[in-house]
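Residue numbers (the numbering used here): 256 to 604.
Okay, here's the thing in structure tokens:
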């Protein structure tokens, strides 16, 4: 009789806990839908099919007008919400986000950042390679932390008829497809090199160009518009930084993300591993400091001349062939950064 009563109470308690969990889950999810301005997806509409922004929805600006605005923004270096959250501390985390124009993905990333613990202490820098009023409005509506925008100036949008756009005096995309090695036009895709050049430019701007960050000694965390972060990602990043001296003093990169599809999360979510940098594992949600960037910056020629439009493979080349000490990563096994986008990004419009 007593065993039956014990079993009954155990089942009752488990049922109650499940009910509480479901209530909290659906409450949080309803906030998510409200914030991100999206509806529940049907069979034909999935997150992986997030639309690109429709340029017809916004007033058309001339190339010269865009150039003038971008020059002004990059010169002003305005930090939003600084009065509310105070100046940037020297040990605060800088979150550097590369943005093209996939606004729906960006909404989800911003929402996840808004839920993050200690996000008010960070500076979030959005680095754009496409000027768009709607995206600007979205970024400038953020109230939960300090925010800055910078704009990569050498874009296809602003140089449609010259590099990285389609320069009539250079290799065309058609000649690249035909692959004529005699004219050195094989494998030339100028428009997608923008991603690699933008990555290098934004890193250099943060470490060497912006007044608020050019002497900063804290971590810089690299994210992209189609990432999504866990609530404790900053907390975990700082724990990794504190424990690096004991666990892996030679590690010079901290990685929060991975691409594992099947994983025993609750078994390994607090564990880290140390291994050499590899593109397929460590290019999502990684953080470096000024010391490492200074060493990478010395390898600018190696990075830029490597024949690949991907910044991460170029960085892999730098690690293997240029740096005196290769990139060694301390990576959290339970990912805190998730990739929610699709992989068809090689064709920039």
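Backbone N, C-alpha and C fix where the C-beta goes; we use that ideal spot for every residue, glycine too.
So, residue i versus residue j, is the Cβ gap smaller than 9 Å?
i, j, result
"residue 484", "residue 511", "yes"
"residue 542", "residue 402", "no"
"residue 450", "residue 505", "no"
"residue 215", "residue 545", "Nothing about residue 215 can be read from this structure; the chain reaches only from 256 to 604."
"residue 513", "residue 539", "yes"
"residue 364", "residue 466", "no"
"residue 316", "residue 386", "yes"
"residue 578", "residue 597", "no"
"residue 373", "residue 473", "no"
"residue 390", "residue 460", "no"
"residue 572", "residue 557", "yes"
"residue 362", "residue 393", "yes"
"residue 582", "residue 547", "yes"
"residue 665", "residue 371", "Outside the displayed range of the chain (256 to 604) lies residue 665, so it cannot be described from this structure."
"residue 380", "residue 468", "yes"
"residue 448", "residue 564", "yes"
Label residue i either buried or exposed according to how many other C-beta atoms from any shown protein chain fall within 10 Å of its C-beta, with 16 as the threshold for buried.
i, result
"residue 589", "buried"
"residue 470", "exposed"
"residue 591", "buried"
"residue 423", "exposed"
"residue 576", "exposed"
"residue 535", "exposed"
"residue 446", "buried"
"residue 567", "buried"
"residue 288", "Reliability of the predicted coordinates at residue 288 is poor, the pLDDT of 41 falling under 50, and no value is obtained from them."
"residue 569", "buried"
"residue 498", "exposed"
"residue 559", "exposed"
"residue 318", "exposed"
"residue 353", "buried"
"residue 339", "exposed"
"residue 584", "buried"
"residue 377", "buried"
"residue 415", "exposed"
Any chance the CB of residue i is under 8 Å from a heavy atom of the ligand ATP?
i, result
"residue 325", "As for the ligand ATP, it is missing from this structure, which has no ligand bound."
If you reduce the DSSP assignment to three classes, tell me which class residue i lands in.
i, result
"residue 458", "helix"
"residue 344", "coil"
"residue 492", "helix"
"residue 413", "coil"
"residue 571", "helix"
"residue 483", "strand"
"residue 589", "coil"
"residue 333", "coil"
"residue 452", "helix"
"residue 378", "strand"
"residue 395", "helix"
"residue 467", "coil"
"residue 476", "strand"
"residue 401", "strand"
"residue 582", "coil"
"residue 361", "helix"
"residue 368", "helix"
"residue 352", "strand"
"residue 338", "helix"
Practice item. Give a yes or no on contact between the segment 486-493 and the segment 449-457, applying the rule of three or more CB pairs nearer than 8 Å. Key: With fewer than three CB-CB distances shorter than 8 Å, the segment 486-493 does not count as touching the segment 449-457.
Review point. Counting Cβ pairs, one atom from each stretch, are 3 or more of them under 8 Å apart for the segment 324-334 and the segment 358-365?
Key: no
Point to revise | Continuous beta strand (DSSP E) assignments of at least 3 residues falling wholly in the segment 496-566 | key: 508-510, 527-531, 541-543
Exercise for review: Say whether the segment 390-400 touches the segment 408-417, bearing in mind that this needs 3 or more beta-carbon pairs closer than 8 Å, one atom from each stretch.
Suggested key: These segments do not touch.
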